[in-house]
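Chains as they are written, first to last, in our numbering: chain A, 1 to 275; chain B, 1 to 531.
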């Protein structure tokens with residue numbers, strides 16, 4: 001755990017969808033320069049925590065604080081609070097959400113041009129640097145539908161980084177990557193933290209990514225944090241039954257390029273299930 | 001000519017209602033029937049549903065038809081036909097004799113068998129009482145709007161006066177609304193048969209009829225070319241009814257007998273050989289028709305300029321096309337300009353409505369949904385009537401503006417549904433990604449959601465535009481002469497739909513095909529990803 005002052009604090013966060021309580025008091029603190037991995041079974045609330053922090057969801061109780069911007073219970077933030085939040089947090093979605101009618105370059109420059117009001121040359125230079133850093137600059141003139149899942153994922157990361165948010169949230173960034181690409185991405189994330197001075201919270205199922213690159217891992221189960229600590233400790237010597245179950249259950253979340261259909265059969269991935 | 005209330009939407013209700021009335025007469029051994037055609041839709045005093053018993057017909061044409069049937073030893077059976085297509089119905093054999101204030105014209109003589117005239121009418125100008133002193137004839141009406149019923153001698157007179165006297169001719173599908181528009185100031189004069197004018201002046205306050213007739217014309221009974229033999233028998237019956245005063249009795253009962261009519265009948269009877277009243281038309285009815293002899297200029301007013309000569313075997317169709325092409329092209333221009341402006345209005349409003357339904361609060365959503373459902377759920381024809389005639393006491397819209405608003409407001413409802421569907425089809429993930437990048441809702445709509453929705457909407461929009469192009473033909477009910485109306489006038493003049501119909505279709509295709517092509521190219525470009 002980092003000793004620096006927390007950049008993000010989530011305290012007693014409760015959120016319900018209809019009658020179902022999705023988050024039952026999540027408490028979490030992330031310091032500047034950390035790369036925190038958020039792990040847990042599907043439906044455990046990882047994505048919901050990220051969506052709440054980035055201001056897409058309101059919540060019933062608790063508090064969220066991002067670099068002195070405080071979110072309080074009620075509907076999703078708006079107005080000045082939302083504008084202040086947007087300068088502090090960016091997010092990369094699992095299903096990347098690239099703008100289908102724009103080229104890769106235009107996807108990345110859209111917000112710098114229209115939100116940050118950069119000149120076009122400056123915005124394009126920044127975009128090309130980011131795309132090059134992620135190895136997708138040769139696709140700058142391509143449209144999203146012409147990209148593979150992994151390429152689209154990296155373009156989405158470049159798009160989020162183009163607004164230079166101090167805190168970047170990522171939902172399953174390695175879901176559509178092969179192991180080689182996953183390591184490449186992991187190193188890029190570490191560079192973002194080490195050289196770029198950014199703070200990262202990554203929701204993931206990818207144990208290898210967490211082990212190799214995260215500074216800390218937080219285990220969410222049934223809407224609450226059940227265990228956290230350095231990846232080496234938590235993953236090698238899990239204390240909570242939910243963590244042990246998570247690590248044994250190698251049945252992963254489906255990670256296709258497209259959102260899963262409801263009732264689609266779950267496809268086991270990775271190592272064979274433990275007997 | 002038959003009058004129409006203009007309530008074309010009610011047309012179906014009136015159609016054929018008198019069939020039972022006519023059939024009900026025959027109780028004993030049933031004599032053969034005589035099918036006679038006319039337009040009962042607001043057709044007083046010619047043919048109309050009896051207000052006291054709408055299952056019965058009344059009018060002087062009804063009584064004359066009954067008289068003819070009796071003399072022939074047959075039972076009259078009424079066949080409802082639209083006034084504008086009475087000639088075609090007669091030629092097709094929908095009925096044996098047609099009468100509904102049908103005018104004697106060279107075109108009719110060329111295409112049909114026509115009886116001797118049984119009534120002479122005067123084309124008279126009706127003006128507002130306060131203008132009576134200064135608007136006495138067509139030459140006094142330079143630059144002013146003069147209305148009449150389309151497809152009549154009066155229309156031909158006005159069309160000719162457009163060039164000669166600089167008036168603006170306005171066509172109507174009925175003979176009621178011109179007088180109402182005159183009273184309200186949309187028109188400065190109405191040119192129509194004195195029978196109709198007299199009736200309308202009694203009904204609408206503040207109008208006067210100028211005493212000098214612009215021209216005179218006659219009503220005849222029409223039959224198909226093949227029915228020349230029956231025509232001769234009807235001629236004889238009509239002459240007999242003139243001699244024995246039966247016709248005088250019928251016209252007197254309907255208040256249309258006057259000295260002029262008495263003079264006309266005595267002249268007709270004195271001539272002895274009734275064929276002289278139809279110079280160039282022999283009893284076998286095979287010859288071409290001379291123009292202009294049936295119209296006599298009256299009261300020092302300009303005579304009827306002959307309308308383009310009717311079709312006849314010797315007339316070559318190329319020169320016929322050439323003579324009508326300028327007016328058809330002009331009408332096409334009205335169609336395309338009206339369609340483009342209406343579509344622009346529909347798109348702009350449609351975007352507004354769709355945005356309101358996707359982004360608005362409960363009240364806005366409810367109101368907009370109600371607008372869409374009411375507009376989609378009622379005929380555009382009804383909406384045009386309400387806009388032009390219904391609201392005329394509140395706001396007096398010019399005809400073109402009413403047409404533009406009617407079509408635009410109606411299509412806006414359809415467009416808005418397309419846009420709403422298209423907006424909702426843009427994946428939510430993209431919208432959320434845009435929001436987390438800091439774009440405002442307005443920017444999300446303008447930069448992300450709108451452009452993609454527009455691409456999805458393009459194909460159905462093209463479809464709607466082509467539909468609108470054709471629906472624009474409906475605006476003739478509010479006196480805008482567009483391509484279909486002009487074609488119908490053309491077809492009435494030449495007594496055939498074949499050539500005018502083909503020309504009209506070609507012009508519509510010339511407008512719609514390039515549009516479809518443009519839309520396909522746009523779609524293709526976006527698919528190829530080079531937008």
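Beta carbons are placed, not taken as given, at the ideal position from N, Cα and C, and that holds for glycine.
Everything numeric in this text was worked out from a predicted model, so none of it was measured.
*In its own chain, which residues sit with a C-beta less than 6 Å from the C-beta of residue 406 of chain B, not counting the 5 before and 5 after it?*
As a first step, residue 406 of chain B must be located in the second chain, where it is residue number 406. If we look at residue 406 of chain B and ignore the five residues flanking it on each side, its Cβ neighbours are 383, 384, 387.
*Can you tell me whether DSSP reads residue 93 of chain A as helix, strand or coil?*
Locating residue 93 of chain A in the first chain gives position 93, where the first residue counts as 1. Reduced to three states, the DSSP call for residue 93 of chain A is coil.
*Where residue 200 of chain A falls: helix, strand or coil (DSSP)*: Counted from its first residue, the first chain places residue 200 of chain A at position 200. Of the three classes helix, strand and coil, the one that applies to residue 200 of chain A here is strand, per DSSP.
*Residue range of the beta strand (DSSP E) that includes residue 172 of chain B*: Taking the second chain and counting its residues from 1, one reaches residue 172 of chain B at position 172. Its beta strand (DSSP E) spans residues 168–172.
*Skipping 5 residues on each side, what residues in its chain have a beta carbon closer than 8 Å to that of residue 448 of chain B?*
Taking the first residue of the second chain as position 1, residue 448 of chain B is located at position 448. Taken in chain order, the residues that qualify are 426, 430, 431, 434, 439.
*Report the residue from B:121, B:183, B:320 whose alpha carbon sits nearest the alpha carbon of residue 258 of chain B.*
Residue 258 of chain B sits at position 258 when you count from the first residue of the second chain. For the residues B:121, B:183, B:320, the minimum Cα distance to residue 258 of chain B belongs to B:121.
*When the Cβ atoms of the segment 87–99 of chain B are set against those of the segment 142–150 of chain B, are three or more pairs found closer than 8 Å?*
no
*Answer with yes or no whether the minimum CB distance from residue 100 of chain A to chain B is below 8 Å.*
Indexing the first chain from 1 puts residue 100 of chain A at position 100. Yes, contact with chain B.
*Please look up how many angstroms separate the CB atoms of residue 13 of chain A and residue 59 of chain A, rounded, as I've assumed it's under 8 Å.*
Position 13 of the first chain, counted from the start, is the residue given in the question as residue 13 of chain A. Position 59 of the first chain, counted from the start, is the residue given in the question as residue 59 of chain A. Yes, they are in contact, since the Cβ atoms of residue 13 of chain A and residue 59 of chain A sit about 6 Å apart, within 8 Å.
*Compute the beta-carbon to beta-carbon distance between residue 89 of chain B and residue 228 of chain B, rounded to the nearest angstrom, for a pair I have assumed lies under 8 Å.*
As a first step, residue 89 of chain B must be located in the second chain, where it is residue number 89. As a first step, residue 228 of chain B must be located in the second chain, where it is residue number 228. Incorrect: roughly 18 Å between the Cβ atoms, too far for contact.
*Under 8 Å between C-beta atoms, does residue 80 of chain B make it to chain A?*
Stepping through the second chain from its first residue, residue 80 of chain B is reached at position 80. Cβ-Cβ to chain A under 8 Å: no for residue 80 of chain B.
_As assigned by DSSP and simplified to three states, the class of residue 6 of chain A_ = Counted from its first residue, the first chain places residue 6 of chain A at position 6. In the structure shown, residue 6 of chain A sits in a strand (DSSP, three-state: E or B).
*Check residue 524 of chain B in the structure and name its three-state DSSP category.*
For the purposes of this step, residue 524 of chain B is taken as the residue at position 524 of the second chain. Residue 524 of chain B: helix per DSSP, three-state reduction.
_Using 8 Å for Cβ pairs, my map puts residue 354 of chain B next to residue 416 of chain B. What's the rounded Cβ distance?_
On the second chain, position 354 is the one that residue 354 of chain B refers to. On the second chain, position 416 is the one that residue 416 of chain B refers to. Right, the Cβ-Cβ distance comes to about 5 Å (below 8 Å), so this counts as a contact.
*asked:* Suppose only complete runs of 4+ residues qualify. What are the alpha helix (DSSP H) ranges in the segment 433–491 of chain B, listed by chain order?
replied: 450–471
*Terminal residues of the continuous alpha helix (DSSP H) containing residue 242 of chain B?*
Residue 242 of chain B sits at position 242 when you count from the first residue of the second chain. Unbroken alpha helix (DSSP H) run through residue 242 of chain B: 228–243.
*Name, going along the chain, the residues of the segment 432–444 of chain B whose beta-carbon falls closer than 9 Å to a beta-carbon of chain A.*
432, 433, 434, 435, 436, 437, 438, 439, 440, 443
*Please confirm whether residue 81 of chain A and residue 64 of chain A have their CB atoms less than 8 Å apart.*
Along the first chain, read from residue 1 onward, the residue named residue 81 of chain A stands at position 81. Along the first chain, read from residue 1 onward, the residue named residue 64 of chain A stands at position 64. No, Cβ-Cβ distance for residue 81 of chain A and residue 64 of chain A is not below 8 Å.
*Under 8 Å, do residue 412 of chain B and residue 356 of chain B count as touching if we go by C-beta distance?*
For the purposes of this step, residue 412 of chain B is taken as residue 412 along the second chain, with counting starting at 1. For the purposes of this step, residue 356 of chain B is taken as residue 356 along the second chain, with counting starting at 1. Result no, Cβ atoms of residue 412 of chain B and residue 356 of chain B do not sit closer than 8 Å.
*Proximity below 8 Å, CB of residue 207 of chain B to CB of residue 129 of chain B*: The sequence position of residue 207 of chain B within the second chain is 207, counting from 1. The sequence position of residue 129 of chain B within the second chain is 129, counting from 1. Yes, they are a contact pair.
*Is residue 191 of chain B helix, strand or coil when you go by DSSP?*
Looking up residue 191 of chain B in the second chain gives position 191. In this structure, residue 191 of chain B counts as strand in the three-state DSSP scheme.
*Tell me, please, whether the segment 128–142 of chain A touches the segment 150–169 of chain A by the rule of three or more beta-carbon pairs shorter than 8 Å.*
yes
*Using a Cβ cut-off of 8 Å, pull out every chain B residue sitting near residue 117 of chain A, in sequence order please.*
Taking the first residue of the first chain as position 1, residue 117 of chain A is located at position 117. By Cβ distance, chain B contributes nothing, its closest Cβ being about 11 Å from residue 117 of chain A, past 8 Å.
*What residues from chain A crowd round residue 525 of chain B, counting only those whose CB sits closer than 9 Å?*
Translated into positions along the second chain, residue 525 of chain B becomes position 525. What residue 525 of chain B touches in chain A: nothing, since even the nearest Cβ is about 12 Å away.
_7 Å CB neighbourhood of residue 89 of chain A in its chain, flanking five on each side removed_ = In the first chain, counting from the first residue as 1, residue 89 of chain A sits at position 89. The residues are 53, 54, 66, 165, 167, 169.
*asked:* Assuming residue 532 of chain B is part of the beta strand (DSSP E), what are its boundary residues?
replied: Residue 532 of chain B cannot be examined here, being either before or after the span of chain B that is shown, 1 to 531.
*Which residues in the same chain as residue 167 of chain B place their Cβ atom closer than 7 Å to its Cβ, once the five residues preceding and following it in sequence are excluded?*
Numbered from its first residue, the second chain carries residue 167 of chain B at position 167. The residues are 138, 141, 142, 144, 146, 158, 161.
_Give the list of continuous beta strand (DSSP E) stretches no shorter than 3 residues that lie fully inside the segment 40–80 of chain A._
61–66, 69–71
_CB contact below 8 Å: residue 163 of chain B versus chain A_ = Taking the second chain and counting its residues from 1, one reaches residue 163 of chain B at position 163. Judged by the 8 Å Cβ criterion, residue 163 of chain B is not in contact with chain A.
*asked:* Among the candidates B:261, B:38, B:234, B:504, whose CA atom is the shortest distance from the CA of residue 327 of chain B?
replied: Position 327 of the second chain, counting from 1, holds the residue named residue 327 of chain B. Residue B:504 is the option with its Cα nearest to residue 327 of chain B.
*Using a cut-off of 7 Å between C-beta atoms, extract the partners of residue 111 of chain A located in chain B.*
The residue you call residue 111 of chain A lines up with position 111 of the first chain. Those are 437, 438, 439, listed as they occur along chain B.
_Once the 5 residues before and after residue 210 of chain B are set aside, which same chain residues still bring their CB inside 8 Å of it?_
Residue 210 of chain B sits at position 210 when you count from the first residue of the second chain. The residues are 124, 125, 126, 127, 132, 135, 136, 137.
*So, does the CB of residue 91 of chain A fall closer than 8 Å to a CB anywhere in chain B?*
For the purposes of this step, residue 91 of chain A is taken as the residue at position 91 of the first chain. Chain B, which has a Cβ nearer than 8 Å to the Cβ of residue 91 of chain A, makes this yes.
*For the putative contact between residue 283 of chain A and residue 200 of chain A, defined by C-beta atoms under 8 Å, what is the C-beta separation to the nearest angstrom?*
Nothing can be reported for residue 283 of chain A, as the shown portion of chain A is limited to 1 through 275.
*asked:* Would residue 480 of chain B and residue 399 of chain B be called neighbours here (beta carbons separated by less than 8 Å)?
replied: Along the second chain, one-based indexing puts residue 480 of chain B at 480. Along the second chain, one-based indexing puts residue 399 of chain B at 399. For residue 480 of chain B and residue 399 of chain B, yes; Cβs fall inside 8 Å.
_Cutoff 7 Å; reference residue 244 of chain A; Cβ partners in own chain excluding five residues on either side_ = Indexing the first chain from 1 puts residue 244 of chain A at position 244. Here the set comprises 238.
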